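What follows is one structure encoded as structure tokens, with my remarks underneath.
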Amino acid sequence: MSFEDKTIIITGGAKGIGAGCAEIFYRQNGNVVVLDLDEETGQAFCNDLGDRARFIKCDVSRKQQVKQAIGQVVSAFGGVDVLVNNAGILQYSKVTDTSEEDWDRILDVNVKGAFLCAKYAIPHMVAGGSGIVVNMSSVQAFVTQTNVAPYVTSKSALIGLTRSIAVDYAPEVRSVAICPGGVDTPLNRAAFQQSPNPSKVRQETIDLHLVERMAQPGDIGELVAFVASDKGSFINGQPIRIDGGMGIKIAGSK
Ligand code: NAD
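Residues 10 to 263 (the working numbering) make up the sequence shown, in order.
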């Protein structure tokens, strides 16, 4: 795989899965642009990556910020080849205890953010003759734990957005949804800390995966890079689970 002369935008790329994706695209010679709220971490991360990496502070749920950030990318690199809509937030709540404000906040970042980035990046892909939008969904779009209603709704919506982009912009632009299981990231570590017994919850999470571990961000990054590369050029409009075999074993079977 080579992303030489390709420009890859990764939202939420300052840490976690997004940073794992950024490292792999960078290693494959791509120009990598991280859009994230966390300026300190994101800037330091891009400085460490090297001179083909740029950080732009951007809240993906804000139209003007997204429009401006993508304009900056195009001015600097001449186009956009890959957009990884990875920025996402999680909150534990069910429908009856989710406030309207929290619902809007989660859907705004996880779904509207992906829509806005796609809206402003796709015209540059079409103009350049090719491109791909990768949306970071979750295995939770298929199997769902309790207490995460707005998150699950948002991750399911991204599969619809993926399908719509694929049918509306073919053949130039492809779109794929990536659906990870548990990944060892700051988001998950913070979620474990919210429980009274973090190490127990962590082990329970590991036990959900047949491979008896959580993914590392690089596991997900390798799949994103493959899908975005020429080698993945026949993959389009689909969600792809990368979940260590979560949820496929019949309970109680040996
Ligand atoms: P993380 O919290 O470790 O990192 C997310 C990054 O997104 C952070 O750097 C944060 O600053 C940034 N971000 C948050 N809101 C933003 C906004 N409005 N605009 C720009 N940047 C913003 O999260 P992660 O675990 O790496 O998850 C990344 C994505 O993968 C999320 O969409 C998440 O839902 C999804 N996912 C994670 C897991 C997992 O187990 N960690 C599993 C399935 C799917």
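Just so you know, even glycine gets a beta-carbon here, dropped at the ideal spot from N, CA and C.
Predicted model only: the values in this text are computed from it and were never measured.
{"Item": "Bounding residues of the beta strand (DSSP E) (the contiguous stretch that carries Met-145)", "Value": "140 to 145"}
{"Item": "Secondary structure of Val-148, DSSP reduced to three states", "Value": "helix"}
{"Item": "Cβ neighbour criterion (16 or more within 10 Å) applied to Glu-32", "Value": "buried"}
{"Item": "contact_flag[the segment 41 to 54, the segment 206 to 222] where n(CB pairs < 8 angstroms) is 3 or more", "Value": "no"}
{"Item": "Segment contact flag, the segment 164 to 184 with the segment 133 to 146, C-beta cutoff 8 angstroms, min 3 pairs", "Value": "yes"}
{"Item": "Three-pair Cβ contact test at 8 angstroms for the segment 110 to 130 versus the segment 25 to 41", "Value": "no"}
{"Item": "Nearest-angstrom Cα separation, counted from Met-145 out to Leu-167", "Value": "8 angstroms"}
{"Item": "Test item: CB-CB of Ala-62 and Tyr-35 under 8 angstroms", "Value": "yes"}
{"Item": "Runs of alpha helix (DSSP H) wholly within the segment 60 to 89 (minimum 4 residues, chain order)", "Value": "72 to 86"}
{"Item": "Member of Ile-259, Ala-200 and Pro-189 whose CA lies at the smallest distance from the CA of Gly-253", "Value": "Pro-189"}
{"Item": "Proximity of Lys-66 and Pro-195 at Cβ, strictly below 8 angstroms", "Value": "no"}
{"Item": "Cross-strand partners of Val-210 (DSSP beta bridge)", "Value": "Answer is none; Val-210 lacks a bridge partner."}
{"Item": "Completely contained alpha helix (DSSP H) runs for the segment 157 to 199, where each covers 4 or more residues", "Value": "158 to 178"}
{"Item": "Sub-8 angstroms separation of Asn-156 and Lys-103 beta-carbons", "Value": "yes"}
{"Item": "Supposed close pair Leu-99, Ala-200 - CB separation, criterion 8 angstroms", "Value": "6 angstroms"}
{"Item": "Local Cβ density within 10 Å of Thr-105, reported as buried at 16 or more and exposed below that", "Value": "exposed"}
{"Item": "Spatially closest choice to Val-83 from Met-134, Ser-208 and Pro-159, by CA coordinates", "Value": "Met-134"}
{"Item": "Thr-228 - containing alpha helix (DSSP H), residue span", "Value": "The sequence shown places Asp at residue 228, rather than the Thr named in the question. It spans 226 to 237 - the alpha helix (DSSP H) in which Asp-228 sits, taken as one unbroken run."}
{"Item": "Contact test: Asn-56 Cβ vs the ligand NAD heavy atom, cutoff 7 angstroms", "Value": "no"}
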